[in-house]
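The structure appears below as C-alpha cells.
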Amino acid sequence: MDEFNGSDMRELEITSEGFHIHLSKNEVSFEKPAIAKESSEKPAIEAVEDVSVSEKSKAFEKDDVKAIRAPMVGTIYLKPEPDKDPYVTEGMRVHKGDIVCIIEAMKMMTEIKSDLDGVISEVLVENEDLVEFDQPLFKVTEG
1 MDEFNGSDMR
11 ELEITSEGFH
21 IHLSKNEVSF
31 EKPAIAKESS
41 EKPAIEAVED
51 VSVSEKSKAF
61 EKDDVKAIRA
71 PMVGTIYLKP
81 EPDKDPYVTE
91 GMRVHKGDIV
101 CIIEAMKMMT
111 EIKSDLDGVI
121 SEVLVENEDL
131 VEFDQPLFKV
141 TEG
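Anchor point for the sequence shown: position 14 equals 14 in UniProt numbering, and the numbering is continuous, going up by one each time.
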C-alpha cells in the first residue's frame, strides 16, 4: 500500500482466485444505508420506484439537445495532457468522430469520439471525475 500511496496511480483493483481488493485515491463519499427495524405493524421491505440512471440522465434531452455519453466506466480526462487545453469547451462546434475526451479504465486510455454534430452547450463532468456507463458527459445542441 505504501508503493500505491507513493505512486501517481489513482486506482488499483486486483482480482485473483476469489480474492478482490480495490484501492482508490479518489475522494468519493458513500452514505451508509439506513437499517430497517422490524415492526409488526409495517413490512420490513417497501416497494421503491426503480428509475435507472440512464432514464434520469435522458430527462434533459430535447429534440435539438442530446448528450455524448460515457461508453464505459472509468476516469475521464478532458485534456490530452495536464498542461494542454481541453479537447472541447462550451460553445465549441464538434463533428461526428471528433475526440471529446479520454476515459481511462484498467490503465487503458480510450479516446471518446463525438457521435453527434453540433455545439457543446454544457460540459457535465470535471477533469478526472469517475464516470459510469451511459453517464452524460456533454450536452450538445445539434445543428
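Every residue gets a Cβ at the ideal spot worked out from N, C-alpha and C, and that includes glycine. Keep in mind it's a predicted model, so treat the numbers as computed, not measured.
For residue i, which residues in the same chain have their Cβ closer than 8 Å to its Cβ, ignoring the five residues on either side in sequence?
i: residue 133; result: 70, 71, 72, 73
Would you mind giving the Cβ-Cβ distance between residue i and residue j, rounded to the nearest angstrom? I have them listed as a contact below 8 Å.
i: residue 114; j: residue 91; result: Going by Cβ atoms, the distance from residue 114 to residue 91 rounds to 15 Å, so no, they are not a contact pair.
i: residue 122; j: residue 138; result: 7 Å
i: residue 142; j: residue 64; result: 5 Å
i: residue 75; j: residue 124; result: That pair is no contact at about 15 Å.
Out of curiosity, what's the CA-to-CA distance linking residue i and residue j?
i: residue 8; j: residue 109; result: 16 Å
i: residue 112; j: residue 21; result: 28 Å
i: residue 10; j: residue 83; result: 18 Å
i: residue 106; j: residue 118; result: 31 Å
i: residue 54; j: residue 3; result: Per-residue confidence for residue 54 stands at a pLDDT of 46, beneath the threshold of 50, marking its modelled position as unreliable; the derived number appears in the next sentence. Using only the alpha carbons, I get a separation of about 37 Å.
i: residue 79; j: residue 15; result: 30 Å
Can you check which of these residues, the options, is closest to residue i by C-alpha distance?
i: residue 12; options: 23, 99, 104, 128; result: 23
i: residue 116; options: 105, 89, 93; result: 93
i: residue 120; options: 89, 82, 14, 106; result: 89
i: residue 5; options: 25, 80, 14; result: 25
Tell me which residues share the same chain as residue i and place their Cβ nearer than 7 Å to its Cβ, disregarding the 5 neighbours each side in the sequence.
i: residue 18; result: none
i: residue 77; result: 101, 102, 104, 127, 128
i: residue 136; result: 57, 67, 69, 124
For the ligand ZN, any of its heavy atoms closer than 7 Å to the Cβ of residue i?
i: residue 14; result: The ligand ZN is not among the ligands present in this structure, which contains no ligands whatsoever.
With a threshold of 6 Å on Cβ separation, who are the neighbours of residue i within its own chain once the five nearest residues in sequence on each side are excluded?
i: residue 99; result: 87, 111, 113
Point to revise | Segments assigned beta strand (DSSP E), at least 3 residues, entirely inside the stretch 3–29 | key: Within the stretch 3–29, the runs of beta strand (DSSP E) that reach at least 3 residues and sit entirely inside it are, in chain order, 11–16, 19–24.
Review point. Unbroken beta strand (DSSP E) runs of length 3 or more, entirely within the UniProt domain "Lipoyl-binding" (65–141): which are they?
Key: DSSP runs (the beta strand (DSSP E)) wholly in the UniProt domain "Lipoyl-binding" (65–141): 65–69, 74–77, 99–105, 108–113, 118–123.
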